[in-house]
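Undergrad:
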Amino acid sequence: MSHVNGELDVVRVKTLYRDLVCVFDKLVLPTHASCHVQFFMFYLCSFRLGLSEAFLDHLWKVLQSPSQPAVLRQTATAYMGSFLARAKFIPIATVRACLDLLVPWLHLYIDSQDSGSKAFCDISLHGPFYASCQAVFYTLIFRHRAILGENMKKGLAYLQSLNLERIVMSQLNPLKVCLPAVTNMFASIMRKYQLVFCYTIIERNNRCMLPVVRSSMGGDSLSTNTNPLDTFFPFDPYLLKRSGHYFESIYQVWEEPSDCMAAQKKHVTNNPTEEEDDFLHGETPKADTVMGSYESHRHSPSSVGSPPIAFLQRPF
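Numbering (the numbering used here), first residue to last: 1 to 316.
1. Per DSSP, what kind of secondary structure is residue 11 in: helix, strand or coil?
2. Looking at the unbroken alpha helix (DSSP H) that takes in residue 133, where does it start and where does it end?
3. Closer than 8 Å is the cut-off here; do at least three beta carbon pairs connect the stretch 131-148 with the stretch 164-183?
4. For residue 298, does the count of other Cβ atoms within 10 angstroms reach 16, so buried, or fall short, so exposed?
5. Determine the DSSP secondary structure at residue 251, reduced to helix, strand or coil.
6. With a CB to CB cut of under 7 Å and the five nearest residues on each side skipped, what residues in its chain are close to residue 305?
7. Going by the beta-carbon positions, is the gap between residue 317 and residue 92 smaller than 8 Å?
8. Which residue wins for smallest C-alpha separation from residue 81, given the options 70, 40 and 103?
9. Does DSSP classify residue 181 as helix, strand or coil?
10. Can you grab the Cα-Cα spacing for the pair residue 201 / residue 97, in whole Å?
11. Quick one: grab the DSSP three-state call for residue 33.
12. Between the Cα of residue 57 and the Cα atoms of 101, 24 and 85, which residue gives the shortest distance?
13. Whose CA, out of 10, 20 and 33, lies closest to the CA of residue 235?
14. When you compare only the Cα positions, how much space is there between residue 13 and residue 189?
15. Between residue 76 and the rest of its own chain, which residues show a CB-CB distance below 6 Å, the 5 nearest in sequence each way excluded?
16. Please report the Cβ distance between residue 159 and residue 195, rounded to the nearest whole angstrom; I am assuming they are in contact, meaning their Cβ atoms lie under 8 Å.
17. Are the CB atoms of residue 52 and residue 94 within a distance shorter than 8 Å?
18. Can you name the start and end residues of the alpha helix (DSSP H) that residue 62 belongs to?
19. Residue 124 and residue 106: beta carbons closer than 8 Å?
20. Expressed to the nearest angstrom, what Euclidean distance is found between the alpha-carbon atoms of residue 86 and residue 78?
21. Go through its chain and collect everything with a Cβ distance to residue 27's Cβ below 7 Å, but skip five positions before and after it.
22. Determine which residues share a DSSP beta bridge with residue 87 and list them.
23. Is the beta carbon of residue 149 less than 8 Å from the beta carbon of residue 70?
24. If distances are taken between C-alpha atoms only, which option among 90, 30 and 40 comes closest to residue 68?
25. Find the nearest neighbour of residue 229 within the set 83, 11, 66 and 174, judged by alpha-carbon distance.
26. Shorter than 7 Å, the distance from the beta carbon of residue 146 to the closest heavy atom of the ligand GDP, or not?
27. Which residue wins for smallest C-alpha separation from residue 197, given the options 207, 186 and 206?
28. Taking a contact to mean a Cβ-Cβ separation below 8 Å, would you say residue 17 touches residue 246 in this structure?
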């Protein structure tokens with residue numbers, strides 16, 4: 001439908017994009033832990049940079065909209081981070097443009113909370129903020145080498161201009177709720193380039209129990225040391241073998257930064273269709289104890305059989 005005689009039909013592909021974005025908004029975005037089906041947007045956006053930018057802009061508008069439920073805003077930023085990290089066809093200029101939207105938004109959020117009574121670690125109050133922090137960390141883990149690659153001095157100056165230290169050191173304490181694998185790799189990269197020193201905060205967080213999370217049913221749920229952010233990386237490795245070849249040339253697999261994590265050895269596979277992700281490792285957070293989780297808002301039949309995130313994850 002998008003190609004005529006082997007050539008991309010721009011008019012048709014724009015129409016197709018508009019139709020599929022409507023499907024995405026109505027069915028895919030609200031679905032908890034959707035597995036594989038969302039890759040139709042990934043594949044479509046690979047046809048033309050304008051489609052990728054339109055999709056990212058659409059996700060950004062969902063995140064920014066105060067009228068949207070918090071759970072959808074969290075999901076939108078998860079899609080944004082995963083798309084920026086995994087799509088080979090997105091140029092580094094577009095990645096930087098998105099970081100230039102997300103990071104200032106995080107700083108403005110901190111400004112609005114630091115002097116108030118809600119400036120403490122609480123997923124139920126600050127879910128979109130934490131999801132956006134994780135999206136930024138995840139994007140930088142995959143893309144920092146490209147940012148630094150052409151000109152190390154300019155790349156470092158750009159990363160310093162993001163003032164990530166202020167986000168990490170804020171009273172909202174995002175390192176406490178992000179997936180440990182993301183937190184640890186982000187900390188390692190930041191230490192290597194002397195941008196942010198995260199380990200003091202990580203060690204302090206490890207010594208403390210997470211605060212009690214409010215329950216939507218009333219009362220308090222139990223405190224837990226597991227990650228309470230309902231972590232979702234929608235463009236984690238594509239595992240369907242019959243259609244996997246469509247993504248081989250456009251999908252960014254995890255490449256081990258041996259200079260950052262040399263002490264932690266693992267088996268590395270070059271096959272993106274393996275049943276384990278090359279990057280993530282950790283337990284899937286328990287959705288029934290998390291205020292603001294997808295389960296408490298919508299549970300579709302298609303998500304019942306979705307594979308747990310844990311089976312995609314492996315140690316560094």
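From the three backbone atoms N, C-alpha and C, an ideal C-beta is built for every residue, glycine too.
From a predicted model like this one, the values you see are computed outputs, not experimental measurements.
TA: The short version:
1. Sequence index remark: in the sequence shown, residue 11 carries index 11 (1-based). In this structure, residue 11 counts as helix in the three-state DSSP scheme.
2. The residue labelled residue 133 in the question sits at position 133 within the sequence shown. Its alpha helix (DSSP H) spans residues 123-149.
3. yes
4. For this step, residue 298 is matched to residue 298 along the sequence shown. Below a pLDDT of 50, predicted positions are generally treated as unreliable, and residue 298, at 36, falls in that range; the measurement from the model is reported next regardless. Residue 298 is exposed by the Cβ-count criterion.
5. Residue numbering aside, residue 251 sits at position 251 when the sequence shown is read from its first letter. Correct three-state label for residue 251: strand.
6. As a first step, residue 305 is located in the sequence shown; it is residue number 305 there, counting from the start. With a pLDDT of 32 at residue 305, under the threshold of 50, the predicted position of this residue should be treated as unreliable, though the coordinate-derived value follows. Closer than 7 Å at Cβ, skipping near neighbours: no residue.
7. Residue 317 lies beyond the residue range present for the chain, which begins at 1 and ends at 316; the question has no answer from this structure.
8. In the sequence shown, the residue the question calls residue 81 occupies position 81. It is 103.
9. Against the sequence shown, residue 181 aligns to sequence position 181. Correct three-state label for residue 181: helix.
10. For the purposes of this step, residue 201 is identified with residue 201 of the sequence shown, where counting begins at 1. For the purposes of this step, residue 97 is identified with residue 97 of the sequence shown, where counting begins at 1. Cα to Cα, the separation comes out at about 29 Å.
11. What you label residue 33 is simply residue 33 of the sequence shown in a count that begins at 1. It is coil, neither helix nor strand.
12. For the purposes of this step, residue 57 is taken as residue 57 along the sequence shown, with counting starting at 1. Ranking the options by Cα distance to residue 57, first place goes to 101.
13. Translated into positions along the sequence shown, residue 235 becomes position 235. Nearest C-alpha to residue 235: 33.
14. In the sequence shown, residue 13 corresponds to position 13, counting from 1. In the sequence shown, residue 189 corresponds to position 189, counting from 1. Straight-line Cα distance between these residues: approximately 39 Å.
15. On the sequence shown, position 76 is the one that residue 76 refers to. Taken in chain order, the residues that qualify are 59, 62 and 63.
16. Start at 1 with the first residue of the sequence shown, and residue 159 comes out as number 159. Start at 1 with the first residue of the sequence shown, and residue 195 comes out as number 195. Between residue 195 and residue 159 the Cβ distance is about 6 Å, and since that is below 8 Å, they are a contact.
17. Counted from its first residue, the sequence shown places residue 94 at position 94. Counted from its first residue, the sequence shown places residue 52 at position 52. Their beta carbons are under 8 Å apart, which means residue 94 touches residue 52 by this criterion.
18. In the sequence shown, residue 62 corresponds to position 62, counting from 1. Run containing residue 62: 49-64, per the alpha helix (DSSP H) assignment.
19. Within the sequence shown, residue 124 is the residue found at index 124, counting from 1. Within the sequence shown, residue 106 is the residue found at index 106, counting from 1. Cβ distance not < 8 Å, so residue 124 and residue 106 don't count as in contact.
20. Mapped onto the sequence shown, residue 86 falls at position 86. Mapped onto the sequence shown, residue 78 falls at position 78. Each residue's Cα considered, the two are about 12 Å apart.
21. In the sequence shown, the residue the question calls residue 27 occupies position 27. Around residue 27: no qualifying Cβ.
22. As a position in the sequence shown, residue 87 is number 87, starting the count at 1. The partner list for residue 87 (beta bridge, DSSP) reads 251.
23. As a first step, residue 149 must be located in the sequence shown, where it is residue number 149. As a first step, residue 70 must be located in the sequence shown, where it is residue number 70. No. Outside cutoff.
24. On the sequence shown, residue 68 is found 68 positions in, with the first residue counted as 1. Of 90, 30 and 40, the residue nearest in Cα terms is 30.
25. Taking the sequence shown and counting its residues from 1, one reaches residue 229 at position 229. Checked all of 83, 11, 66 and 174; the closest Cα to residue 229 is 174.
26. Here there are no bound small molecules, and the ligand GDP is not part of this structure.
27. Looking up residue 197 in the sequence shown gives position 197. Of 207, 186 and 206, the residue nearest in Cα terms is 186.
28. If you number the sequence shown from 1, residue 17 lands on position 17. If you number the sequence shown from 1, residue 246 lands on position 246. Contact flag unset, no.
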